[in-house]
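Asks:
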Amino acid sequence: MSTTTLDHGLDVPERRLHWALADGWTVARRTLTHLVRQPANIAWQLGFPIVSVLLFGYVFGSAMSVPGGGDYREYLMPGMFGMTMAMGFMNTAYAVVLDTTKGVTDRFRSMPMAPSAPVTGRGLADIVSAGLDLLVLAATALVIGWRSDGGFWATLAAFGLLLWLRFALIWIGIWIGLMTPNEEAAGNLFAVAFPFAMISSVFVAPSQMPDWLGAVAAWNPVSSTVTAARELFGNPAALGDSWIEQHAMLGAIVWPLVITLVFVPLAVRRFQRLSR
Amino acid sequence: MSTSSDAIIAEGLQKRYGEKRALDGFDLAVPQGMVYGLLGPNGAGKTTAVRILATLVRLDGGRAEVAGFDVAREPRRVRRHIGFTGQFTAVDEILTGRQNLRMFGRLFHLGPARAAVRADELLEQFDLTEAADKGTKEYSGGMRRRLDLAASMILAPKVLFLDEPTTGLDPRGRNEVWTAVRSLVSGGTTVLLTTQYLDEADQLAGRVAVIDHGRVIADDTPAALKRRVGGDQLEVVLEEAVDLPVAVQTVARVAAGEPEVDEEHRRVTAAVEQRVTALTDVARRLQDEGIGVEDIGLRRPTLDEVFLRLTGHKAEPDTARDEAGTEQRTEVPA
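From first to last, the protein sequence lines stand for chains A and B.
For the first sequence, full-length UniProt numbering gives the first residue as 1, with consecutive numbering after it.
For the second sequence, full-length UniProt numbering gives the first residue as 1, with consecutive numbering after it.
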């Protein structure tokens, strides 16, 4: 059977990479178009960290002290950045649940597009929107007087580490999204996201918590990223004595790597189970 | 049985989910250019069959070819020649209709310019031009389904799979979708559609396969199938139960088969061939006899009745829904 007219080069190896990238970009553009068509969604998504900034920075913050000294709001802002990244996995999971339950994933799978595109597109879009989140949050932070004293490259590196954490969480998001049966269940993810984001050094130094909780908080990947960002920004970091707190930079690089290595295969396996 | 001109060939398909056999020796041969209906209740295996043929689910046994390519060995080639519309309308709800079709066009590798042109063509063809730049959230169920169909038609596929295309639509939306499907068929597309409604199969399909427990139990034209299950039904509901014997006799004169009596609801039902003649004849005779008639009318056999007649058992997995509408029917002894 002749396939000349409809042969889009999918079976030619060198064209496969081309289409993998092109299709991934098309899928990513879809999500980015959502942001343009639904600016209110960004507002809601950012509303939570911004309200938290005001709540923790001013309402509770007046009574907060940073161990080792320093301004609490200076301490808080990198935490808010980290929390936004940490909770971002819910956006990924929610988008995956919607696509899977509404049949969009099946439609993609029935099409002659690159099979990797739904995932790479999702990931790219999530990183871009996480970057936008950070931009808006940083602007808010500047307004309330937060500054990075770390210089241009250190500041950039800090934001890079934050996005690196968000990248790793894409895979957890996809994995959870593929396991979640419906939209309603996806709403319950808050129950996981809250402790994951908050039992960390985001708001309070682990050294100020009860010992066992402090240990959990210190070893939370979010803490490593947030503490590393604080160091790079030159903000008060309130370092405790534990090994992981002393090696926050290493943790901020290795934790997301470990998460990625564990959850990529899990997510891929879940995806393949759709064919069962 | 299958020939090289068949657009879809399935031979002895097997699919197990744990203990349950979703498909158990499923055979099908769909000639090119035909609309073929898969009729059956929830859980009969319709959806599994369609998902296997559309390369979404791996088969455990048997062999299937779509548009000349083996679904297990050459899924990518199959995907180039099929359109798939699943049970849910798989369009992006935030994007506009036009944006949806352009995105799918690009994913079919038309390139941006051709994708844009094709999107406009399809919007026109499916009567969505006016709503093209509205978010699909604002669309009616029928419009969304039409957009969904348009998205499966981007490459003008040889074979189109429609899994319960009108489930959940109001009568108007259903008509809209039927019209759209008919126009596709006139363009030469082979369509395999699953449905729970005999009516829908009757409207669209040239041939119907009835599925039960993962295999085809009957395979015929809708007209022949209806004849086999007794065709249209004449239904009479009386005011007084005492009149039942006379009414049964009256109905029996025009009926194609044995009338059924439901004493509790004072109802007599029978298959009829000359629909209108039978209706007027029975109505007049009952009036002449002075029998009070609460209701009289014609109706199509339901899927439940098709099943009952073809399989001797009710459509099982739907029991929860069935129970509400199930009435005890007593066969009148001959």
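Glycine included, every Cβ here is placed at the ideal spot set by N, Cα and C.
Quick caveat: nothing in here was measured; it's all calculated off a predicted structure.
Kindly indicate if chain A contains any beta-carbon less than 8 Å away from that of alanine 22 of chain B.
Replies: no
Asks: For residue 277 of chain A, collect the residues of the same chain with a Cβ closer than 6 Å to its Cβ; drop the 5 residues on either side in sequence, then sort them by chain order.
Replies: Outside the displayed span of chain A (1 to 276) sits residue 277 of chain A, for which this structure offers no information.
Asks: By the criterion of Cβ-Cβ separation under 7 Å, what are the contact partners of arginine 309 of chain B in chain A?
Replies: Within chain A, no residue comes near arginine 309 of chain B; the closest Cβ sits about 34 Å away, beyond 7 Å.
Asks: Under the DSSP definition of a beta bridge, which residues are partnered with valine 293 of chain B?
Replies: According to DSSP, valine 293 of chain B bridges with B:Leu238.
Asks: Please return the same chain residues whose Cβ sits closer than 6 Å to the Cβ of glycine 251 of chain A, not counting the five positions on each side in sequence.
Replies: Ser224, Ile244
Asks: On a Cα-Cα basis, can you pick out the residue from B:Gly37, B:Arg51, B:Leu39, B:Met34 that is closest to lysine 15 of chain B?
Replies: B:Arg51
Asks: CB-CB under 6 Å to alanine 237 of chain A, same chain, minus the five flanking residues each way: which ones, in chain order?
Replies: Thr227, Arg230, Glu231
Asks: Who are glycine 214 of chain B's beta bridge partners in DSSP?
Replies: Glycine 214 of chain B pairs with nothing; no bridge assigned.
Asks: Would a C-beta distance cut-off of 8 Å place isoleucine 8 of chain B and leucine 39 of chain B closer than the cut-off?
Replies: no
Asks: Who are the near neighbours of phenylalanine 84 of chain B in its chain, counting only those whose CB is closer than 7 Å to its CB and skipping five residues on each side?
Replies: Ala54, Ser152, Phe161
Asks: When burial is assigned at 16 or more other CB atoms within 10 Å of the CB, is proline 171 of chain B buried or exposed?
Replies: exposed
Asks: Could you tell me which chain B residues have their CB closer than 9 Å to the CB of aspartate 23 of chain A, listed as they occur along the chain?
Replies: Arg106, Leu107, His109
Asks: Does DSSP put aspartate 71 of chain A in a helix, a strand or coil?
Replies: Look at aspartate 71 of chain A here: in three-state DSSP terms it is coil, with no helix or strand label.
Asks: So is phenylalanine 108 of chain B buried or exposed if we call it buried at 16+ other beta carbons inside 10 Å?
Replies: With at least 16 other beta carbons inside 10 angstroms of its own, phenylalanine 108 of chain B counts as buried.
Asks: Does any C-beta atom of chain A lie closer than 8 Å to the C-beta of valine 57 of chain B?
Replies: Answer yes: the Cβ-Cβ gap between valine 57 of chain B and chain A drops below 8 Å somewhere.
Asks: Consider the Cβ of glutamine 38 of chain A: report whether some Cβ of chain B lies at a distance smaller than 8 Å.
Replies: yes
Asks: Quick check: what's the CA-CA separation for serine 110 of chain A versus proline 181 of chain A?
Replies: Rounded to whole angstroms, serine 110 of chain A to proline 181 of chain A spans 21 Å at the Cα level.
Asks: Under 8 Å, with one C-beta from each stretch per pair, do the stretch 129–138 of chain B and the stretch 90–103 of chain B reach the 3-pair mark?
Replies: yes
Asks: Please name the residue in B:Val210, B:Val293, B:Val246 whose C-alpha comes closest to that of leucine 308 of chain B.
Replies: Nearest C-alpha to leucine 308 of chain B: B:Val210.
Asks: State whether the stretch 267–278 of chain B contacts the stretch 231–240 of chain B, with contact taken as three or more CB pairs (one from each stretch) at a distance under 8 Å.
Replies: yes
Asks: So what does valine 204 of chain A bridge to, in DSSP terms?
Replies: In DSSP, valine 204 of chain A forms no bridge with anything.
Asks: So which residues of chain A does methionine 103 of chain B contact, with C-beta pairs closer than 9 Å?
Replies: Thr26, Val27, Arg29, Arg30, Thr33
Asks: Identify the contact partners of valine 104 of chain A in chain B, using a Cβ-Cβ distance below 8 Å as the criterion.
Replies: Ala90, Val91, Asp92
Asks: Any chance the stretch 141–159 of chain A sits against the stretch 76–85 of chain A, with 3 or more Cβ pairs inside 8 Å?
Replies: yes
Asks: Does the beta carbon of proline 236 of chain A sit closer than 8 Å to a beta carbon anywhere in chain B?
Replies: no
Asks: Select from B:Ala116, B:Pro75, B:Glu130 the residue whose C-alpha is nearest the C-alpha of residue 345 of chain B.
Replies: Here chain B comprises residues numbered 1 to 334, so residue 345 of chain B is not present and cannot be evaluated.
Asks: Less than 8 Å separating the beta-carbons of arginine 98 of chain B and alanine 132 of chain B?
Replies: yes
Asks: Listing by chain order, which chain A residues have their CB less than 9 Å from the CB of alanine 54 of chain B?
Replies: For alanine 54 of chain B, the neighbours in chain A by C-beta distance under 9 Å run, in chain order, Asp106, Arg109, Ser110.
Asks: Compare the C-alpha of glutamine 272 of chain A against each of A:Arg30, A:Ile253, A:Ile174 and name the closest.
Replies: A:Ile174
Asks: With distances taken Cα to Cα, identify the nearest neighbour of proline 222 of chain B among B:Gly86, B:Val208, B:Val248.
Replies: B:Val208
Asks: Counting only beta-carbon separations shorter than 8 Å, does serine 275 of chain A have a partner in chain B?
Replies: Closer than 8 Å: yes.
Asks: Starting from glutamine 99 of chain B, find everything on chain A with Cβ-Cβ shorter than 9 Å and list it in chain order.
Replies: Arg30, Thr33, Arg37
Asks: Is the shortest distance between the beta-carbon of glutamine 87 of chain B and the beta-carbons of chain A less than 8 Å?
Replies: yes
Asks: Examine the ligand MG and report whether any of its heavy atoms sits within less than 7 Å of the Cβ of glycine 61 of chain A.
Replies: The ligand content of the structure shown is nil, which means the ligand MG is not present either.
Asks: Please check the pair leucine 169 of chain A and alanine 28 of chain A, which I expect to be a contact at CB under 8 Å, by giving their CB distance rounded to whole angstroms.
Replies: No, leucine 169 of chain A and alanine 28 of chain A are not in contact; Cβ-Cβ is about 17 Å, not under 8 Å.
Asks: What residue does the beta strand (DSSP E) around glycine 25 of chain B start on, and which one ends it?
Replies: 20–31
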